[in-house]
Amino acid sequence: MAQPQARSFDLAWSDVLHADVFLNTSPPLPARGNARAEPNAVRWALIAIALAFLALFLFVPLAAVFHEALKKGWNAYLAAIVEPDALSAIKLTLLAALIAVPLNTVFGVAAAWAIAKFEFRGKHLLITLIDLPFSVSPVISGLVYVLLFGAQGWFGTWLQAHDARIIFAVPGIVLATVFVTFPFVARELIPLMQAQGKEEEEAAVVLGASGWQLFRRVTLPNIKWGLLYGVILCNARAMGEFGAVSVVSGHIRGSTNTLPLHVEILYNEYQFAAAFAVASLLALLALVTLAIKSFVEREMDK
Amino acid sequence: MLPGFHLALGFTLLYLSLIVLIPLSATLAKTLTMSWEAFWAAVSAPRVLASYRLSFGAALIAAAINTFFGLIVAWVLVRYRFPGKKLIDALVDLPFALPTAVAGIALTAIYAKNGWIGSVLEPLGVKVAFTPLGVLVALVFIGLPFVVRTVQPVLEDLEPELEEAAATLGASRWQTFGRVIFPAVLPALTTGFALAFARAVGEYGSVIFIAGNMPMVSEITPLLIITKLEQYDYAGATALAVVMLAASFLLLLLINYLQWRSRRHAVST
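Chains as they are written, first to last, in this note's numbering: chain A, 20 to 321; chain B, 518 to 786.
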């Protein structure tokens, strides 16, 4: 989302400070810019309200995470992070993201290719269905897999007979993560590729490009920033998902705990400093995600 | 003709069915094994009704709060310059990126009796953490970016000439806002409201830490689903899930309609 800061009608600081002078010297008709300006008092009041609201709901909670994490000092902080259960939670979180993100990326590219470059019936329905996981409560995202693979589920008896576990085991966590991050890449690429049209690809086909050459040399360079955007948001959600994995994990320490679940366990055991130490890792991940996202947005606007 | 249509669409439909459609249809199949009486009893028990009131009520109020303040934040970010604006603009998306469990424990720490804000409110007799008010705070947090991000691009694209014309014709700044600017951003504002509401209704992670989770008082519907699951009442949990799915499906239709209408509005002006 670009911030067109240098638009001609945007008032500069000097205009704000000399607003009165500006008025006195202006012709009878309101000058350009002035017609769209509020009085200084209103302006500052609105800025103050916006910042106070954001401070109360965003900046203070963010600061609290790091404050609480370091309450008992650096040593306790590091100890909470390198402790074996925390390390195994980090590993499982990385594993789930490492499976979910590439799968949903391949899906996103395929779905966007079909939807943006071709005409077929039911396209709008398909787009709506792809968005579905966004509007489903995370708890329900976990529940559906319990209904399929749990002990009482459709495939429960079969799984038990073959001594395989999905629920309360790693595959369930991966599945739930795939579900909640399902739309991210597709949702980013569909409008982007629709806007780009298909002339470039058609020209490449006429010139004899193979399918793979076409994708690598023509499509990929056009969508790379949008793709990266979708991938980092998908990754942030994959690593941070709580509700869905909470339902399918069974909370087995050191084996089916992801980082957010580990935070919950520590917190419920009143190990607040340790809980916030692990939480601060996730908060750092969020900040890095936002930084990359801002960078990508700037590149997309170029 | 471009290559890969059948492969891409085939894979899309297969993957969509395996990951989303078949699992979601399992909820309907499970519900169909219940008798109508059992289903009705499960979804209309007093404790369940209290959870709907809280989940939907708090989500509605949170979305309204986010609509009011979101418009101001979007306005300030688009129209004014102030130090740190770019950083603040980037941080608006924090609730999208911050895991909900982290948000939940952070908000609880702040609003608890001895927390930064809780200790100020405590002498005033206002309790936030472990009350329905805490649920509201968490839902405001997670819904915050929606209105800002839907309204921002509309404000950026607003024709300066419209406002200048209004001013030239003698409208006060307030009249210009009410008659020119507000109608233009209204579709985006309602879309943002609906998105924030839909997200808040199903929210779980950030709420359970701060809510206190008292049955009949501060227990949200998603938590009740988990409680039923832990008691191996799969049918009861699924019945509640079906009610929530129906609500989100209606919201999804509404949001699609609102977006379609605002796009049409954008084309016609």
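Note that CB positions come from ideal geometry on N, CA and C, so glycine has one too.
Q: Please report how far the alpha carbon of P202 (chain A) lies from the alpha carbon of E102 (chain A), in whole angstroms.
A: Numbered from 1 along the first sequence, position 183 holds the residue referred to as residue 202 (chain A). Numbered from 1 along the first sequence, position 83 holds the residue referred to as residue 102 (chain A). Going from the Cα of P202 (chain A) to the Cα of E102 (chain A) covers about 34 Å.
Q. With contact counted as at least three CB pairs below 8 Å, one residue from each stretch, are the segment 148 to 163 of chain A and the segment 525 to 545 of chain B in contact?
A. yes
**Q.** Interface residues of chain A facing N773 (chain B) [CB-CB closer than 8 Å]
**A.** Here residue 773 (chain B) corresponds to residue number 256 of the second sequence, with the count starting at 1. Ordered by position in chain A, the residues that pass the 8 Å Cβ test against N773 (chain B) are T147.
Q | Status (buried if at least 16 other CB within 10 Å, exposed otherwise) for Y289 (chain A) | A | As a first step, residue 289 (chain A) must be located in the first sequence, where it is residue number 270. Per the 10 Å Cβ criterion, exposed.
Q: Kindly list, in the order they appear in chain A, the residues whose Cβ is closer than 8 Å to that of P649 (chain B).
A: One-based indexing of the second sequence puts residue 649 (chain B) at position 132. Within 8 Å Cβ-Cβ: nothing; P649 (chain B) doesn't reach chain A, min ~17 Å.
Q) If you drop the 5 nearest sequence neighbours on each side, which residues of the same chain put their C-beta closer than 8 Å to that of A223 (chain A)? A) Within the first sequence, residue 223 (chain A) is the residue found at index 204, counting from 1. So the list reads Q232, L233, R236 and V237, once near-sequence residues are dropped.
Q. Rounded C-beta distance between V652 (chain B) and N583 (chain B)? I'm assuming under 8 Å.
A. For the purposes of this step, residue 652 (chain B) is taken as residue 135 along the second sequence, with counting starting at 1. For the purposes of this step, residue 583 (chain B) is taken as residue 66 along the second sequence, with counting starting at 1. Not a contact, Cβ separation roughly 14 Å.
Q) Among A:G191, A:I284, A:V120 and A:R140, which has the Cα closest to the Cα of A247 (chain A)? A) Position 228 of the first sequence, counted from the start, is the residue given in the question as residue 247 (chain A). The residue asked about is misnamed: residue 247 (chain A) is Leu in this sequence, not Ala. Checked all of A:G191, A:I284, A:V120 and A:R140; the closest Cα to L247 (chain A) is A:V120.
Q.
Please classify E218 (chain A) as buried or exposed, where buried requires at least 16 other C-beta atoms within 10 Å of its C-beta.
A. On the first sequence, residue 218 (chain A) is found 199 positions in, with the first residue counted as 1. It is exposed - the Cβ of E218 (chain A) has fewer than 16 other Cβ atoms within 10 Å.
Q. DSSP three-state call for N287 (chain A): helix, strand or coil?
A. By 1-based counting over the first sequence, the position of residue 287 (chain A) is 268. DSSP, read as helix, strand or coil, puts N287 (chain A) in helix.
Q) Any Cβ of chain B within less than 8 Å of the Cβ of V165 (chain A)? A) By 1-based counting over the first sequence, the position of residue 165 (chain A) is 146. Yes - at least one Cβ of chain B is within 8 Å of the one on V165 (chain A).
Q | chain B within 8 Å of I68 (chain A), Cβ atoms only | A | Along the first sequence, read from residue 1 onward, the residue named residue 68 (chain A) stands at position 49. It does; some Cβ of chain B falls within 8 Å.
Q: Give a yes or no on whether the minimum CB-CB distance between P704 (chain B) and chain A is below 8 Å.
A: In the second sequence, residue 704 (chain B) corresponds to position 187, counting from 1. For P704 (chain B), the answer is no, since every Cβ of chain A falls outside 8 Å of its Cβ.
Q. Are the C-beta atoms of K789 (chain B) and some chain A residue less than 8 Å apart?
A. It is not possible to answer for residue 789 (chain B), since the shown part of chain B is limited to 518 through 786.
Q) So is F168 (chain A) buried or exposed if we call it buried at 16+ other beta carbons inside 10 Å? A) As a working mapping, residue 168 (chain A) is identified with position 149 in the first sequence. Its Cβ being crowded by 16 or more others within 10 Å, F168 (chain A) is buried.
Q. Would T685 (chain B) be called buried (16 or more neighbouring beta carbons within 10 Å of its own) or exposed?
A. If you number the second sequence from 1, residue 685 (chain B) lands on position 168. So T685 (chain B) counts as exposed.
(Q) Given a cut-off of 8 Å on the beta-carbon distance, is the pair L679 (chain B) and V697 (chain B) in contact? (A) As a first step, residue 679 (chain B) must be located in the second sequence, where it is residue number 162. As a first step, residue 697 (chain B) must be located in the second sequence, where it is residue number 180. Result yes, Cβ atoms of L679 (chain B) and V697 (chain B) sit closer than 8 Å.
Q) What are the complete alpha helix (DSSP H) segments, minimum 4 residues, inside the segment 211 to 291 of chain A? A) 218 to 225, 239 to 259, 262 to 268 and 278 to 287
Q: May I ask you to report which of helix, strand or coil DSSP gives N583 (chain B)?
A: Taking the second sequence and counting its residues from 1, the one referred to as residue 583 (chain B) is at position 66. Helix, per DSSP.
Q: Report the residue ranges of all beta strand (DSSP E) runs contained in full by the segment 67 to 113 of chain A; include only those spanning at least 3 residues, in chain order.
A: Listed in chain order, there is nothing to give.
Q. Would a check of beta-carbon distances place V204 (chain A) closer than 8 Å to chain B?
A. Within the first sequence, residue 204 (chain A) is the residue found at index 185, counting from 1. V204 (chain A) does not count as touching chain B.
Q | chain B residues whose Cβ lies nearer than 9 Å to that of E219 (chain A) | A | Walking along the first sequence from the start, residue 219 (chain A) turns up at place 200. Near E219 (chain A) there are no residues of chain B at all, since even the closest Cβ is about 11 Å away, more than 9 Å.
Q: Could you check if M485 (chain B) is buried or exposed, using at least 16 other CB atoms within 10 Å of its CB as the buried criterion?
A: This structure cannot speak to residue 485 (chain B), because chain B is shown only from 518 to 786.
Q: Determine the chain B residues that contact Q171 (chain A) at a beta-carbon separation under 7 Å, and present them in chain order.
A: Position 152 of the first sequence, counting from 1, holds the residue named residue 171 (chain A). Here the neighbours are Y751.
Q) What span of residues does the alpha helix (DSSP H) with A12 (chain A) cover, start to end? A) Past the edges of chain A, shown from 20 to 321, lies residue 12 (chain A), and the structure says nothing about it.
Q | Proximity below 8 Å, CB of A591 (chain B) to CB of F710 (chain B) | A | One-based indexing of the second sequence puts residue 591 (chain B) at position 74. One-based indexing of the second sequence puts residue 710 (chain B) at position 193. No.
Q: Kindly say whether T176 (chain A), judged by its beta-carbon, lies nearer than 8 Å to any beta-carbon of chain B.
A: Your numbering for residue 176 (chain A) matches position 157 in the first sequence. Chain B contact via Cβ: absent.
Q | Euclidean distance between Cα positions of V266 (chain A) and F694 (chain B) | A | Numbered from its first residue, the first sequence carries residue 266 (chain A) at position 247. Numbered from its first residue, the second sequence carries residue 694 (chain B) at position 177. Each residue's Cα considered, the two are about 47 Å apart.
Q: Let me know the secondary structure DSSP gives V537 (chain B) once reduced to three states.
A: For the purposes of this step, residue 537 (chain B) is identified with residue 20 of the second sequence, where counting begins at 1. Helix at V537 (chain B).
Q | Which listed residue (A:I134, A:E260 and A:V282) has its alpha carbon closest to that of A214 (chain A) | A | Taking the first residue of the first sequence as position 1, residue 214 (chain A) is located at position 195. Considering only alpha carbons, the answer is A:I134.
Q. Unbroken alpha helix (DSSP H) runs of length 4 or more, entirely within the segment 518 to 573 of chain B: which are they?
A. 522 to 533, 539 to 549 and 553 to 560
Q: Using a Cβ-Cβ cut-off of 8 Å, state whether S156 (chain A) counts as contacting chain B.
A: Walking along the first sequence from the start, residue 156 (chain A) turns up at place 137. Output row for S156 (chain A): interface = yes.
Q | CB-CB length for G621 (chain B) against G753 (chain B), believed under 8 Å | A | Numbered from its first residue, the second sequence carries residue 621 (chain B) at position 104. Numbered from its first residue, the second sequence carries residue 753 (chain B) at position 236. That belief does not hold up - the Cβ atoms of G621 (chain B) and G753 (chain B) are roughly 25 Å apart, past 8 Å.
Q) Applying a beta-carbon distance threshold of less than 9 Å, which residues of chain B neighbour R235 (chain A)? A) As a first step, residue 235 (chain A) is located in the first sequence; it is residue number 216 there, counting from the start. At a C-beta separation below 9 Å, R235 (chain A) has no neighbours in chain B, since its nearest C-beta there lies roughly 13 Å away.
(Q) Tell me which residue opens and which closes the alpha helix (DSSP H) that R690 (chain B) is part of. (A) For the purposes of this step, residue 690 (chain B) is identified with residue 173 of the second sequence, where counting begins at 1. Element bounds for R690 (chain B): R690 to T693.
Q: Give me the Cα-Cα distance between L530 (chain B) and N241 (chain A), rounded to the nearest whole angstrom.
A: Residue 530 (chain B) sits at position 13 when you count from the first residue of the second sequence. Residue 241 (chain A) sits at position 222 when you count from the first residue of the first sequence. So the alpha carbons of these two residues sit roughly 25 Å apart.
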